[in-house]
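Taking it in order: structure first as structure tokens, then the write-up.
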Amino acid sequence: MTEFKPILASLGRHKLIASLLALLVALTCAIVCNVAFMIQRQEALMSLPSGVAEDQLVLVQSASLDRTANQLARHETDLAALRMIPGVESAVAVDALPFNGNNWTSSVQTSPDAQAYALASLFTGTRGELGTLRLKLVAGRDFREDEYMPLDAGRGNDGIRHVPAAIITRALAERLFPGQNPLGKSIYPYDNPIRIVGVVEHLLRPDVDEGADNGQSILFPLLPDSNSVTYVLRTSPGERARVMQEAADTLYHLAPDRVLRDPQTFAQMRDDYFQRQREMIGLLIASVIGLMFVTALGITGLANFWVLQRTRTIGIRRAVGATRTDILRYFQTENFLIVTLGIALGVLLAVALNLVLTAHYQLPRLPLWYLPVGALALWLLGQFAILAPALRASRVPPVVATRSV
42 MTEFKPILAS LGRHKLIASL LALLVALTCA IVCNVAFMIQ RQEALMSLPS GVAEDQLVLV
102 QSASLDRTAN QLARHETDLA ALRMIPGVES AVAVDALPFN GNNWTSSVQT SPDAQAYALA
162 SLFTGTRGEL GTLRLKLVAG RDFREDEYMP LDAGRGNDGI RHVPAAIITR ALAERLFPGQ
222 NPLGKSIYPY DNPIRIVGVV EHLLRPDVDE GADNGQSILF PLLPDSNSVT YVLRTSPGER
282 ARVMQEAADT LYHLAPDRVL RDPQTFAQMR DDYFQRQREM IGLLIASVIG LMFVTALGIT
342 GLANFWVLQR TRTIGIRRAV GATRTDILRY FQTENFLIVT LGIALGVLLA VALNLVLTAH
402 YQLPRLPLWY LPVGALALWL LGQFAILAPA LRASRVPPVV ATRSV
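Numbering (the working numbering), first residue to last: 42 to 446.
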């Protein structure tokens, strides 16, 4: 284009200002690309499926003040009463659930002397846990009655050393036995072998992170027997509020010497778990918007300054035949060149910033497609920010050229 030569000559006379604007665009590009990636990662974490029937579950955490009571018997009495509440389809007592933070993690091996291992979360619960949570059994069977035994919480959960059977998730099966049928094989979370009798499609860990092992879980036929337990009731979505209140009243009536903590639906527990992530996403979005606004303001301010400086020059160009479209295109092209220079530097800065975050905060590598998307966003921002000053410049009349400076 014939306009590039005078544009480059003009920018050469204003190197400092153009360089500062390009640097601002570069910093914006680097930060926006990485922040957008961080937001996407958090959104993906928050949308992870739990594997349970989230819209049907009511949770009541009960802590007995009488530590000398037979907790197994108390749990059975509580469950029998809870199952009698109208609308309750089933009820179980569990120690852990996705998003409740009660994460009992163990390394799991396929033999006592195996070098390779996987980290898995351990879930325990009373009879009927799979059905109440609506876990999808894709292979094998549920636990038999004779396989259940106490967790033995009073002796450091010693039941785990004697439990005969386990149900694992598909993710853990693929990690431990890639390309094999895991049914009938043994795993070693501790010293004793535990036979795999079933595989469920998915069960998310109680604490999730951005790693790839969030779905590695094991269910054991271990009956919770501590004084603190979570009762899970399955009901229809429209009955959850009523069932939650009646469940709390029923438990208080059975044993006033207990503390009920946070009766809630599973959906409420999930929302509470990700409250920090939502706040962080809000702050990140606000920071991106603020940075983009400052960048647009810088582009607009510089363009207005240059229009004021070049008013007579613009008038001369109009007098010798330049159209309003020519003037508009001139400023848009000039802005495009500055922003492109900034983007080229910003792409390098974005990659460098991601390498620093990867090294110090375990953030994965930035997918390359974020770079052209970020570049496109800044090009559009630049053209939008320059539009008003460029339109004002295009309306400068030719008669301005005859005025004295």
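Heads up, the beta-carbon is just placed ideally off N, CA and C, and yes, glycines get one too. Only a predicted model underlies this, so the values are computations on that prediction, with no experimental measurement involved.
A residue is called buried when at least 16 other Cβ atoms come within 10 angstroms of its Cβ; TYR293 does not meet this threshold and is exposed. Counting only the Cα atoms, SER91 lies some 23 Å from PHE78. Given a length threshold of 3 residues, each whole run of the beta strand (DSSP E) inside the region 239 to 314 is given here in chain order: 258 to 261, 269 to 275 and 299 to 306. Secondary structure remark: continuous beta strand (DSSP E) runs of at least 3 residues inside the region 195 to 220, in chain order: 206 to 210. Around the beta-carbon of ILE208, 16 or more other beta-carbon atoms lie within 10 Å, marking it buried. By the CB criterion at 8 Å, ILE201 and TYR158 fall outside the cutoff. Here THR146 carries a strand assignment [DSSP, helix/strand/coil]. By the criterion of at least three beta-carbon pairs nearer than 8 Å, the region 209 to 223 is not in contact with the region 130 to 139. Beta-bridge pairing by DSSP links ILE228 to ILE235. TYR189 sits away from LEU100, with the two beta carbons spaced by 8 Å or more. Taking each of ASP193, ALA104, ARG82 and ARG317 in turn and checking the Cα distance to PRO297, the smallest one comes out for ALA104. Cβ contact annotation for GLU280 (same chain, cutoff 6 Å, sequence separation greater than five): GLY128, in chain order. When secondary structure is reduced to three states using DSSP, VAL76 falls in the helix class. A check of alpha carbon separations from ILE237 across ARG246, SER227, LEU245 and HIS243 identifies SER227 as the nearest. The beta carbons of LEU407 and ALA71 sit about 10 Å from each other, so the pair does not count as a contact at 8 Å. The continuous alpha helix (DSSP H) containing PHE346 extends over residues 316 to 350. Boundaries of the beta strand (DSSP E) around PHE164: 159 to 165. Here ILE330 is exposed: its Cβ has fewer than 16 other Cβ atoms, across all protein chains shown, within 10 Å. DSSP, read as helix, strand or coil, puts ALA94 in coil. For LEU120, no pairing in a beta bridge is given by DSSP. With contacts defined as CB atoms closer than 8 Å, ALA137 and TRP145 qualify as a contacting pair. Every unbroken stretch of the alpha helix (DSSP H) spanning 4 or more residues and falling wholly within the region 361 to 421 is given here in chain order: 365 to 402.
DSSP places LEU171 inside the alpha helix (DSSP H), whose first and last residues are 170 to 174.
DSSP places SER152 in the coil class of the three-state scheme, outside both helix and strand.
Leaving aside the five residues that flank LEU224 on each side, the residues in its chain whose CB is nearer than 8 Å to its CB run, in chain order, ALA180, GLY181, ILE237, VAL238, GLY239 and VAL240. It is roughly 32 Å from the alpha-carbon of GLY415 to the alpha-carbon of ARG351.
Non-local beta-carbon contacts of ARG299 in its own chain, meaning distances under 7 Å to residues more than five positions away in sequence, involve SER103, ALA104, SER105, LEU106 and LEU292 in chain order. For GLY181, the enclosing beta strand (DSSP E) starts and ends at 178 to 181. Distance from ARG433 to VAL361 at the Cβ level is roughly 20 Å; contact not present, criterion being Cβ atoms closer than 8 Å. The C-beta distance from LEU65 to GLY339 rounds to 5 Å, short enough to fall under 8 Å. Per DSSP, reduced to three states, the secondary structure at LEU138 is coil, with no helix or strand assignment. SER435 sits away from ILE357, with the two beta carbons spaced by 8 Å or more. Look at SER88 here: in three-state DSSP terms it is coil, with no helix or strand label. LEU100 is bridged by DSSP to VAL273 and GLN305. In the DSSP secondary-structure assignment, MET190 is bridged to LEU263.
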